[in-house]
Structures are given as C-alpha cells and as structure tokens.
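Student: Per this note's numbering, the very first residue in the sequence shown carries number -16; after that it's consecutive.
Yeah, the Cβ is synthetic: ideal placement off N, Cα and C, and Gly gets one too.
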Amino acid sequence: MREGGKYAGDERPRLALLAHAGEFPNVFVDLEQDVPVRLDVRGGLIRSRHDFNGCPQDLDNLFAVLSAAGDVPKVAFTPAGPDEALRAFDLLRQTPGMALAMGEAGVLSRVVAKKFGAFGTFAALSAGEGSAPGQPTIEEFKTLYRWDSIGPRTAVYGVIGHPIAHSMSPAIHNAAFAAASVDAVYVPLLTPPGAGPFNRFMDALRERPWLDWRGLSVTIPHKENALAYIGAARCDELAVRIGAVNTITISPEGDLRGDNTDYPAAIDALCAAMGIARAGLSGRSVAVLGAGGAARAIVAALRHYGARVAILNRTVRRAELLAEEFGCTAGPLGAAIGGEAEIVINCTSIGMRPNTGECPVTSIPESTKVVFDTIYNPIETQLLARARRAGCATVTGVDMFVNQAVAQFEIWTKGIAPRGVMRNVVVRRLTHTTGH
Ligand code: NAP
-16 MREGGKYAGD ERPRLALLAH AGEFPNVFVD LEQDVPVRLD VRGGLIRSRH
34 DFNGCPQDLD NLFAVLSAAG DVPKVAFTPA GPDEALRAFD LLRQTPGMAL
84 AMGEAGVLSR VVAKKFGAFG TFAALSAGEG SAPGQPTIEE FKTLYRWDSI
134 GPRTAVYGVI GHPIAHSMSP AIHNAAFAAA SVDAVYVPLL TPPGAGPFNR
184 FMDALRERPW LDWRGLSVTI PHKENALAYI GAARCDELAV RIGAVNTITI
234 SPEGDLRGDN TDYPAAIDAL CAAMGIARAG LSGRSVAVLG AGGAARAIVA
284 ALRHYGARVA ILNRTVRRAE LLAEEFGCTA GPLGAAIGGE AEIVINCTSI
334 GMRPNTGECP VTSIPESTKV VFDTIYNPIE TQLLARARRA GCATVTGVDM
384 FVNQAVAQFE IWTKGIAPRG VMRNVVVRRL THTTGH
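1) Run through the DSSP bridge pairs and tell me what D356 is partnered with.
2) Any heavy atom of the ligand NAP within a distance shorter than 7 Å of the CB on F392?
3) Nearest-angstrom Cα distance between L(-2) and G117?
4) Can you determine whether any heavy atom of the ligand NAP sits closer than 7 Å to the C-beta of L316, and answer yes or no?
5) Taking 8 Å as the cut-off, decide whether the C-beta atoms of G310 and R286 are in contact.
6) On the DSSP bridge assignment, give the partners of E15 in chain order.
7) With DSSP as the reference, label S152 as helix, strand or coil.
8) With H, G and I counted as helix, E and B as strand and the rest as coil, what does DSSP make of M185?
9) I need the DSSP call for K57, collapsed to helix, strand or coil.
10) Check whether the Cβ atoms of L413 and N360 lie closer than 8 Å to each other.
11) Going straight from the alpha carbon of A278 to that of V271, what length do you get?
12) Is there at least one non-hydrogen atom of the ligand NAP closer than 7 Å to the beta-carbon of Y246?
13) Just to check my reading of the structure: S200 and T230 have Cβ atoms closer than 8 Å, yes? What is that Cβ distance to the nearest angstrom?
14) First and last residue of the alpha helix (DSSP H) that includes R372?
15) To which residues of the same chain is V10 closer than 6 Å at the C-beta, ignoring the five residues directly before and after it?
16) Buried or exposed for A255, going by 16 or more other Cβ atoms inside 10 Å?
17) Quick check on C254: does DSSP put it in helix, strand or coil?
18) Can you give me the Cβ contacts of P343 inside the same chain, cut-off strictly under 7 Å, excluding the 5 residues immediately before and after it?
19) Just the Cα atoms here: how many angstroms apart are S132 and T126?
20) By Cβ distance below 8 Å, which residues in the same chain neighbour T78 in space, the five residues on each side in sequence not counted?
21) Let me check you understand the geometry: is the CB of C330 closer than 7 Å to at least one non-hydrogen atom of the ligand NAP?
22) Have a look at R136 and H205 and give me their C-alpha separation to the nearest angstrom.
23) Taking just the CA atoms, how far does F160 sit from Y128?
24) Determine the contact status of I294 and A313, defining contact as a CB-CB distance below 8 Å.
25) By a C-beta neighbour count over all protein chains shown, 10 Å radius and 16 as the cutoff for buried, is W130 buried or exposed?
26) Helix, strand or coil for P171 per DSSP?
27) Are the CB atoms of L264 and G289 within a distance shorter than 8 Å?
28) Buried or exposed: F99, going by 16 or more other Cβ atoms within 10 Å of its Cβ?
29) Apart from the five residues on each side of it in sequence, which residues of its chain come closer than 8 Å, Cβ to Cβ, to L108?
30) Would DSSP call V24 helix, strand or coil?
31) So V139 packs on S152, CB below 8 Å; how close in whole Å?
32) Less than 7 Å between C-beta atoms, sequence neighbours within five positions excluded: which residues of the same chain meet that for A2?
33) Hey, how far is the Cα of P175 from the Cα of E349?
34) Under a three-way DSSP split, which group does M81 fall into?
35) Taking the beta carbon of G64 as the centre, do at least 16 other beta carbons fall within 10 Å, making it buried, or is it exposed?
36) Is any heavy atom of the ligand NAP found at a distance shorter than 7 Å from the C-beta of T61?
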C-alpha cells in the first residue's frame, strides 16, 4: 500500500503469494524495489518504484538500479507538467522497460511509450477504475489512441491547455489520422496557466528532436503564450493582430511556425452558408455579440475582409476597446441590434449548456439573413432555433470547430483532411455526452 497498491494485509503472505505466482511460466511478478528479497520467477521479475508526490531527483540512476535488480525496470512518478513527463522517454530510449508519468499531465507518457518500445503500459478496465491516476481505459488505448499502430516512426501531436480533460481534439485528430492513414498520434497535454509552464514544455520538446513532435493545438489559456514563444516573425500576420496562436507546426529541423485556424474557420463557415467567397464580405453589415477571445478573432477577420462591424457586449467598455482597435462601432448587449445587420454572430457564452434556454437577443432584426452561433454545445442553440424559424440561414459552432481542426490537419500533413469523419466524431461526442 505504501507504493499505491491495494493490498492491505501482512507482508509475509503477500510475498508468499507473489512467489507462488512466479512458479507459472509467462507470469510477470511486480515487486517494489525496496523489498529485500529475491524471488525466483519463471516468467520475469519487474522491479518497480512509485512516487506519488513528484519526480525522483535521481531518476536515471534509479532506473539503472531497477534494471539491474530484475528483468524489467518500472518507474512511475508524478510530473509537475507534461515537460517533466517527457523524462519517461529519456529513460525508455536507454533501457527498455516501463517509465510512466502518472496523473492527467502524464497521459502522454502512457501512450507515446509504445513508440520507444516500452515493455507495456497499464490500462483501466473502465473509466475511473485504473490502478493509478491518469490511466486511459483499454478501449481508449485501442480505439482513441490506436496503440497497436504506434511505432518508432510515429509522429506526435497534442493539445496544450488547462483544463483539457473534455477537449474533443484528441478524438477528432486521432480519428482523422486513422482515416487518412497518417502514421501519427495525438495526446492531451495538461499544462498549468502562465508563460513559465508553457515555455518549459516547448523547451523540453525542442531539446528532444527524436520525439518526432510535429505540431500542437493550443487552447485556453495558452494562445497568447504560444504567440510570444514563437515570435511574431514566424506567425501568420492576422494571428499576430489577433494576439493568439492556436496551431503550432514543428518542422523536422525544429523550426516553429504559428497560425490561427479559428478566424478562417469562422469566416469560411459563414461564407459557405452565404454562398460567397471571403472577398464577398466586403461592405456587409455584421453585429458581433461579445468582446472576448472568440469575438476578437472574428472581428479582426471580418474587418480584414472589409465588413462593417458593430460590437455589442455586456461590458460596454470592452466592446469599445475592441471597436477602437479594429475600426468598428460599439454598444451594449441588451440593446436591440441595429436595424441593418445582415449577419449576426454570437460570440458570448449565452445559451451554452447547461443554460440552453437562454438567448443573447430578444428578437432577430428583419434585415438579418444569416445567424451564426459560435457555441457548439448544444449544436442548435435557442438563438439558432429562432433564426431558423425566422427563415435565416444558420451557422453552428460545430461548423467552426470542425473547420479549425480541418485546417490544422491540412497545415500539418499537407494533405486533404477527412472532413466527414472529423465532423462525425464531434457530432457523436456532443450527442452522446449530452443526450441530444
Ligand atoms: P471569453 O473570452 O471568456 O468571452 C466571453 C464573452 O461572453 C464576453 O464577451 C462576455 O461578456 C460574454 N458573456 C459571458 N457570460 C455572459 C452573460 N451571462 N451575459 C452576457 N454576456 C456574457 O470567451 P471566448 O473564448 O471568447 O468564448 C466565447 C464563446 O465562443 C463560447 O461560447 C465558446 O464556446 C465559443 N467558441 C467557439 C469556438 C468554436 O470553435 N466553435 C471556438 C472558440 C470559442 P463580458 O465581456 O461582459 O464578460
């Protein structure tokens, strides 16, 4: 129990049981490093050490000691962030065995271990039933992460953010890699807020070119950190104006590139619904509800393509600041939308699950032909249902979300993304988890 086991009895019967197990061929017995006995095991002896409080200082030396003491060395530690979890691969590259970073920040170590020829990994039989924190289920290893197809040349991608547990990006990108037969795997990277943790992870990646790490999706709260780390000169121009990078590409030579696929995702979803090219937005009148991160990206892009934009927000000062920066008008959210808006875009969280009965507007203006809600859960919000009944074309947050992932896939692989597969993953997840 002192190393996380569930056995609560005396040591002597425990060792007798393990010795008995060792009499069978093909059975591996896992014995903690500090147990001062030698077990004669026919299958193989795993010598292990578990640290639930941190990462042992002398990790390399410890792994060597465990390796000398048995057939398979195993160390499980608790990383402060995914940068420290990468140390597991430093060990596996030297000595085949098991090196596992526990907890949510360590999930990548359990999945990517296959690339480095790990002896094995630990999977939970079902969600919440793992023997240590952070274990994916067998089903997740097999179908989400495609454990069986991971090999030495597999490229690695991930999503960096905080929180990250409910991100749909691992499901969407892994399914896309599978459908397009791309030898790659995509993992969640729980990284605490702040430039420090973000920069440490990026530095740790770049120190290890042998990881074949080729890209990152970046989400809240790290989009600004990503831009600062990469530097404006190596980022898309509009991403720099928006102040946020959501896509990092790493070349085989280690060069970094930053893009923002949120704004083209939104603009292209809108243009598709209107049957126009981006240039066709010029001169159109748009009411943007909200003045947060999503609004900023969409306003910047709308203005870039020449639309006339009114920003309406609960905190009017925030709308005014955004309006000043991009040459728009500003007003309060509660006011009726100005009579001439042809396009209405909701960038607030009003109407998002669980508050699905709420709507950011009291009425849809007569002039409005298209309504776009960036919220994707639920897929059809109150606002979109009203717009549909009023005869407007509608654009959902799912359209935008799928577009940004499609754009990431195409930037990274330079191939055509399996859009239908990616959309199905998102729709299935949203309907499955929320009981649509
Ligand atoms: P954010 O930066 O936190 O901004 C939130 C915005 O919503 C602010 O304008 C805020 O107004 C407003 N707001 C929040 N609660 C409100 C309330 N009760 N009443 C009135 N206004 C309220 O968030 P964000 O990142 O921009 O995200 C905004 C929305 O965009 C979310 O629903 C998110 O799901 C969606 N989104 C979708 C995608 C996609 O791919 N589909 C991508 C990104 C974001 P104040 O300024 O007054 O606080």
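Tutor: Taking the structure as given:
1) Numbered from 1 along the sequence shown, position 373 holds the residue referred to as residue 356. In DSSP, D356 forms a bridge with N329.
2) Along the sequence shown, one-based indexing puts residue 392 at 409. False, no ligand heavy atom lies under 7 Å from that Cβ.
3) Locating residue -2 in the sequence shown gives position 15, counting from the first residue. Locating residue 117 in the sequence shown gives position 134, counting from the first residue. Roughly 28 Å between the two C-alpha positions.
4) Your numbering for residue 316 matches position 333 in the sequence shown. Yes, Cβ of L316 sits closer than 7 Å to a heavy atom of the ligand NAP.
5) Translated into positions along the sequence shown, residue 310 becomes position 327. Translated into positions along the sequence shown, residue 286 becomes position 303. Taking 8 Å as the Cβ cut-off, G310 and R286 qualify as a contacting pair.
6) Translated into the one-based positions of the sequence shown, residue 15 becomes position 32. Answer by DSSP bridge pairing, in chain order: S31.
7) Residue numbering aside, residue 152 sits at position 169 when the sequence shown is read from its first letter. Correct three-state label for S152: helix.
8) As a first step, residue 185 is located in the sequence shown; it is residue number 202 there, counting from the start. Correct three-state label for M185: helix.
9) Within the sequence shown, numbered from 1, the residue matching residue 57 stands at position 74. The answer is strand: DSSP assigns K57 an E or B state.
10) For the purposes of this step, residue 413 is taken as residue 430 along the sequence shown, with counting starting at 1. For the purposes of this step, residue 360 is taken as residue 377 along the sequence shown, with counting starting at 1. Result yes, Cβ atoms of L413 and N360 sit closer than 8 Å.
11) Taking the sequence shown and counting its residues from 1, the one referred to as residue 278 is at position 295. Taking the sequence shown and counting its residues from 1, the one referred to as residue 271 is at position 288. Between A278 and V271, the C-alpha separation is close to 7 Å.
12) Here residue 246 corresponds to residue number 263 of the sequence shown, with the count starting at 1. No - the ligand NAP has no heavy atom lying nearer than 7 Å to the Cβ of Y246.
13) Within the sequence shown, the letter at position 217 stands for residue 200. Within the sequence shown, the letter at position 247 stands for residue 230. With 8 Å as the limit, S200 and T230 qualify as a contact, their Cβ atoms being about 6 Å apart.
14) Translated into positions along the sequence shown, residue 372 becomes position 389. Residues Q365 to R372.
15) In the sequence shown, the residue the question calls residue 10 occupies position 27. Only A4 and G26 meet the Cβ criterion.
16) Translated into positions along the sequence shown, residue 255 becomes position 272. When all chains shown are included, A255 counts as exposed.
17) Taking the first residue of the sequence shown as position 1, residue 254 is located at position 271. It is helical.
18) Position 360 of the sequence shown, counted from the first residue, corresponds to residue 343. The answer, listed in chain order, is L272, L316, N329, T331, I333, G334 and L366.
19) Here residue 132 corresponds to residue number 149 of the sequence shown, with the count starting at 1. Here residue 126 corresponds to residue number 143 of the sequence shown, with the count starting at 1. For S132 and T126, the distance between alpha carbons rounds to 10 Å.
20) Reading the sequence shown from its first residue, position 95 is the one you call residue 78. Excluding sequence neighbours, T78 sits near F46, A47, S50 and P56.
21) The residue you call residue 330 lines up with position 347 of the sequence shown. It does: the Cβ of C330 is within 7 Å (strictly closer) of some heavy atom of the ligand NAP.
22) In the sequence shown, residue 136 corresponds to position 153, counting from 1. In the sequence shown, residue 205 corresponds to position 222, counting from 1. C-alpha separation (whole angstroms): 28 Å.
23) On the sequence shown, position 145 is the one that residue 128 refers to. On the sequence shown, position 177 is the one that residue 160 refers to. Those two C-alpha atoms are separated by around 10 Å.
24) On the sequence shown, position 311 is the one that residue 294 refers to. On the sequence shown, position 330 is the one that residue 313 refers to. Yes. Within cutoff.
25) Counting from 1 along the sequence shown, the entry for residue 130 is found at position 147. Flag for W130 reads buried.
26) Along the sequence shown, read from residue 1 onward, the residue named residue 171 stands at position 188. Note: P171 maps to strand in three-state DSSP.
27) Numbered from 1 along the sequence shown, position 306 holds the residue referred to as residue 289. Numbered from 1 along the sequence shown, position 281 holds the residue referred to as residue 264. Going by C-beta atoms, G289 is nearer than 8 Å to L264.
28) One-based indexing of the sequence shown puts residue 99 at position 116. The residue in question, F99, is buried, as its Cβ has 16 or more Cβ neighbours within 10 Å.
29) Position 125 of the sequence shown, counting from 1, holds the residue named residue 108. Only T120 and I121 meet the Cβ criterion.
30) By 1-based counting over the sequence shown, the position of residue 24 is 41. V24 falls in the coil class under three-state DSSP.
31) Locating residue 139 in the sequence shown gives position 156, where the first residue counts as 1. Locating residue 152 in the sequence shown gives position 169, where the first residue counts as 1. No, V139 and S152 are not in contact; Cβ-Cβ is about 14 Å, not under 8 Å.
32) The residue given as residue 2 occupies position 19 in the sequence shown. Taken in chain order, the residues that qualify are L22.
33) Counting from 1 along the sequence shown, the entry for residue 175 is found at position 192. Counting from 1 along the sequence shown, the entry for residue 349 is found at position 366. The alpha-carbon atoms of P175 and E349 are separated by roughly 46 Å.
34) Position 98 of the sequence shown, counted from the first residue, corresponds to residue 81. Strand.
35) For the purposes of this step, residue 64 is identified with residue 81 of the sequence shown, where counting begins at 1. That one is buried.
36) Walking along the sequence shown from the start, residue 61 turns up at place 78. Incorrect: T61 has no Cβ contact closer than 7 Å to the ligand NAP.
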